[in-house]
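Novice: I have a structure here, written as structure tokens, and I will follow up with some questions on it.
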Amino acid sequence: LEDLTIRQVTEDRLPNLLGSHTERKFRIFMSDYGKSYSTREEYVHRLGIFAKNVLKAAEHQMMDPSAVHGVTQFSDLTEEEFTKMYTGLADVDTGHGGVVGAEAPKLEIKG
Amino acid sequence: LPKDFDWRDKGAVTEVKDQGKCGSCWAFSTTGAVEGANFVSTGELVSLSEQQLVDCDKACDPKDKKACDNGCGGGLMTNAYKYLEKAGGLEEEKSYPYTGKRGHCKFDPKKVAVKVVNFTSIPLDEDQITARLVQHGPLSVGINAVFMQTYIGGVSCPLICSKKRLNHGVLLVGYGSKGFSILRLSNKPYWIIKNSWGKKWGDNGYYKLCRGHDMCGINSMASAVVTQVSS
Numbered sequence: 128l129e130d131l132t133i134r135q136v137t138e139d140r141l142p143n144l145l146g147s148h149t150e151r152k153f154r155i156f157m158s159d160y161g162k163s164y165s166t167r168e169e170y171v172h173r174l175g176i177f178a179k180n181v182l183k184a185a186e187h188q189m190m191d192p193s194a195v196h197g198v199t200q201f202s203d204l205t206e207e208e209f210t211k212m213y214t215g216l217a218d219v220d221t222g223h224g225g226v227v228g229a230e231a232p233k234l235e236i237k238g
Numbered sequence: 002l003p004k005d006f007d008w009r010d011k012g013a014v015t016e017v018k019d020q021g022k023c024g025s026c027w028a029f030s031t032t033g034a035v036e037g038a039n040f041v042s043t044g045e046l047v048s049l050s051e052q053q054l055v056d057c058d059k060a061c062d063p064k065d066k067k068a069c070d071n072g073c074g075g076g077l078m079t080n081a082y083k084y085l086e087k088a089g090g091l092e093e094e095k096s097y098p099y100t101g102k103r104g105h106c107k108f109d110p111k112k113v114a115v116k117v118v119n120f121t122s123i124p125l126d127e128d129q130i131t132a133r134l135v136q137h138g139p140l141s142v143g144i145n146a147v148f149m150q151t152y153i154g155g156v157s158c159p160l161i162c163s164k165k166r167l168n169h170g171v172l173l174v175g176y177g178s179k180g181f182s183i184l185r186l187s188n189k190p191y192w193i194i195k196n197s198w199g200k201k202w203g204d205n206g207y208y209k210l211c212r213g214h215d216m217c218g219i220n221s222m223a224s225a226v227v228t229q230v231s232s
């Protein structure tokens, strides 16, 4: 998720987010979705993930211009956390995952 | 086939539900298809129990023994249909309510509201899926959910979305011929997909995905059920 135009040159990235515009957006996100974090460390960790997800939403917006992408209730989760907690389709070879049992006969669809 | 079709307008779709922090999308996709099939056969909409599937269903894919239904750990809709055929059917939501956690199985066969008598996989063909949707009612489908984490609204039509990494079970409830895109100032045909992340997510809980390209694998794992009212 590196920005292709602006390269990060400072070593410690997360403290840069504190007091930033991204943190202000993060606080609005917390308020909108009733989020709270038990420790300062967790808050900073989630802020870092949020910042990455803001970039990811911008990427998705570029790749999917007919939809609207942005901050959602999942913006403080990594992709792994999001997939584990909010999806749940068992990993199966889709070559046969959709054809368990009898396959339906084809319907006439002309007209 | 009609140009536009929406089972919500016909009363075949229950309110958007919320799976919470539990990988039980497969259970919500299954109950949605059974609710729809029951509506088509009886004209009555009954909200059915996902928790029964989360607690009781441990069925495995006959061709991949590692792909088993496992509560909040994931599952497959086709496995769930097999379980329901054997168990006798689904209880109503109100008799076996959702908790978002796996617990002991409390299924009571005497409380079955809808029986599943058969199910079928639908060929990987968008026209066939459309025809089955109109004829049978809402369909269970799998999807690659990568773009759903940041989705807010509009018709999603990503330039690249893997058709193979299916990780989310959802419910196909209709389609439209003209979904207006604010950014492109044009119309696109789209699927109407019921999700299980609550009404605050997406388009009041729904996802609009463009049709015609097997987008994000939406055509790859479609299935329908046949139901019978419990006597």
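As you go down the protein sequences, you meet chains G and C in turn.
If you want our numbering, it's the position in the first sequence, counting the first as 1, plus 127.
If you want our numbering, it's the position in the second sequence, counting the first as 1, plus 1.
Glycine included, C-beta positions come from ideal geometry on N, C-alpha and C.
(1) Starting from the C-beta of Y170/G, find all residues in its chain whose C-beta is less than 7 Å away, skip the five residues before and the five after it, and write them out in chain order.
(2) Using the Cβ count rule (16 or more neighbours within 10 Å means buried), how would you classify C217/C?
(3) Just the Cα atoms here: how many angstroms apart are W202/C and G161/G?
(4) For S50/C, I'd like the list of residues in its chain whose CB is within less than 8 Å of its CB, leaving aside the five on either flank, ordered along the chain.
(5) Candidates N168/C, S224/C, S178/C: which alpha carbon is nearest A1/C's?
(6) Report the residue ranges of all alpha helix (DSSP H) runs contained in full by the region 63-133 of chain C; include only those spanning at least 4 residues, in chain order.
(7) For the region 194-213 of chain G, which residues have a CB atom closer than 9 Å to at least one CB atom of chain C, in sequence order?
(8) Output, in chain order, the set of chain C residues within a Cβ distance shorter than 9 Å of G161/G.
(9) Have a look at the DSSP bridge pairing and note the partners of T228/C.
(10) Where DSSP assigns a beta bridge to D7/C, which residues make up the other side?
(11) In its own chain, which residues sit with a C-beta less than 6 Å from the C-beta of A178/G, not counting the 5 before and 5 after it?
(12) Rounded to the nearest angstrom, what separates V47/C and S122/C at their Cα positions?
(13) D204/C by DSSP, collapsed to three states: which one?
(14) Using a Cβ-Cβ distance under 8 Å, would Y207/C count as near chain G?
(15) Pull up the DSSP beta-bridge partners for N1/C, would you.
(16) Nearest-angstrom Cα distance between R133/C and E235/G?
(17) Who are the near neighbours of K116/C in its chain, counting only those whose CB is closer than 7 Å to its CB and skipping five residues on each side?
(18) Compare the Cα-Cα distances from D19/C to each of M212/G, E230/G, K237/G, V219/G and report the closest residue.
(19) Measure from the C-beta of F148/C to each C-beta in chain G and report whether the shortest distance is under 8 Å.
(20) Would you kindly work out how many angstroms separate the C-alpha atoms of G37/C and I153/C, rounded to a whole number?
(21) What residue range is occupied by the uninterrupted beta strand (DSSP E) comprising S157/C?
(22) Closer than 7 Å by C-beta to L2/C: which residues in its own chain qualify, once you throw out the five before and the five after it? Chain order, please.
(23) Between T79/C, R212/C, S224/C, S157/C, which lies nearest to D204/C when the distance is taken from Cα to Cα?
(24) Skipping 5 residues on each side, what residues in its chain have a beta carbon closer than 6 Å to that of Y180/G?
(25) Where DSSP assigns a beta bridge to H169/C, which residues make up the other side?
(26) According to DSSP, C211/C sits in a beta bridge with which residue or residues?
(27) Excluding five sequence neighbours on each side, which residues of the same chain lie with their C-beta closer than 8 Å to the C-beta of Q129/C?
(28) Report the residue from V219/G, T166/G, R154/G whose alpha carbon sits nearest the alpha carbon of D70/C.
(29) Let me confirm a value: R212/C is counted as buried when at least 16 other C-beta atoms fall within 10 Å, else exposed. Which label applies?
Specialist: Reading it off the structure:
(1) Position 43 of the first sequence, counting from 1, holds the residue named residue 170/G. Same-chain partners within the cutoff: Y164.
(2) Your numbering for residue 217/C matches position 216 in the second sequence. With 16 or more other Cβ atoms within 10 Å, it is buried.
(3) The residue you call residue 202/C lines up with position 201 of the second sequence. The residue you call residue 161/G lines up with position 34 of the first sequence. Cα to Cα, W202/C sits roughly 14 Å from G161/G.
(4) Working through the second sequence from its first residue, we reach residue 50/C at position 49. T32, L91, E92, E93, E94, S96, Y97, P98, Y99.
(5) Outside the displayed span of chain C (2 to 232) sits residue 1/C, for which this structure offers no information.
(6) For secondary structure counted as the alpha helix (DSSP H) over 4 or more consecutive residues, the region 63-133 of chain C holds these complete runs in sequence order: 78-88.
(7) Flagged, chain order: A194, V195, H196, G197, V198, T199, Q200, F201, S202, L204, E206, F209, T210, K211, M212, Y213.
(8) Stepping through the first sequence from its first residue, residue 161/G is reached at position 34. Ordered by position in chain C, no residue passes the 9 Å Cβ test against G161/G, which lies about 11 Å from the chain.
(9) Walking along the second sequence from the start, residue 228/C turns up at place 227. Answer is V117/C, bridged to T228/C.
(10) The residue you call residue 7/C lines up with position 6 of the second sequence. Under DSSP, D7/C shares a beta bridge with G175/C.
(11) Within the first sequence, numbered from 1, the residue matching residue 178/G stands at position 51. Around A178/G, the same chain offers L144, T149 as residues with beta carbons nearer than 6 Å, after the five sequence neighbours per side are excluded.
(12) The residue you call residue 47/C lines up with position 46 of the second sequence. The residue you call residue 122/C lines up with position 121 of the second sequence. Answer to the nearest angstrom: the Cα atoms are 24 Å apart.
(13) Here residue 204/C refers to the residue found at position 203 of the second sequence. In the structure shown, D204/C sits in a strand (DSSP, three-state: E or B).
(14) The count along the second sequence starts at 1 and reaches residue 207/C at position 206. It does not: the Cβ of Y207/C has no partner Cβ on chain G nearer than 8 Å.
(15) Residue 1/C lies beyond the stretch modelled for chain C, which goes from 2 to 232, so this question has no answer here.
(16) Your numbering for residue 133/C matches position 132 in the second sequence. Your numbering for residue 235/G matches position 108 in the first sequence. Between R133/C and E235/G, the C-alpha separation is close to 11 Å.
(17) For the purposes of this step, residue 116/C is taken as residue 115 along the second sequence, with counting starting at 1. So the list reads G89, G90, T228, Q229, S231, once near-sequence residues are dropped.
(18) As a working mapping, residue 19/C is identified with position 18 in the second sequence. D19/C has its Cα closest to that of M212/G, out of M212/G, E230/G, K237/G, V219/G.
(19) Walking along the second sequence from the start, residue 148/C turns up at place 147. Chain G places a beta carbon closer than 8 Å to that of F148/C, counting this residue as a contact.
(20) Counting from one through the second sequence, the residue named residue 37/C turns up at place 36. Counting from one through the second sequence, the residue named residue 153/C turns up at place 152. Taking the straight line joining both Cα atoms gives about 26 Å.
(21) Start at 1 with the first residue of the second sequence, and residue 157/C comes out as number 156. First-last of the beta strand (DSSP E) with S157/C: 152-157.
(22) The residue given as residue 2/C occupies position 1 in the second sequence. Same-chain partners within the cutoff: T131, A132, V135.
(23) Stepping through the second sequence from its first residue, residue 204/C is reached at position 203. A check of alpha carbon separations from D204/C across T79/C, R212/C, S224/C, S157/C identifies S157/C as the nearest.
(24) Taking the first sequence and counting its residues from 1, the one referred to as residue 180/G is at position 53. The amino acid occupying residue 180/G in the given sequence is Asn; Tyr does not appear at that position. Same-chain partners within the cutoff: S202.
(25) As a first step, residue 169/C is located in the second sequence; it is residue number 168 there, counting from the start. Answer by DSSP bridge pairing, in chain order: I144/C.
(26) On the second sequence, position 210 is the one that residue 211/C refers to. Paired residues: Y191/C.
(27) As a position in the second sequence, residue 129/C is number 128, starting the count at 1. Correct list, in chain order: I123.
(28) Sequence index remark: in the second sequence, residue 70/C carries index 69 (1-based). Considering only alpha carbons, the answer is V219/G.
(29) Working through the second sequence from its first residue, we reach residue 212/C at position 211. That one is buried.
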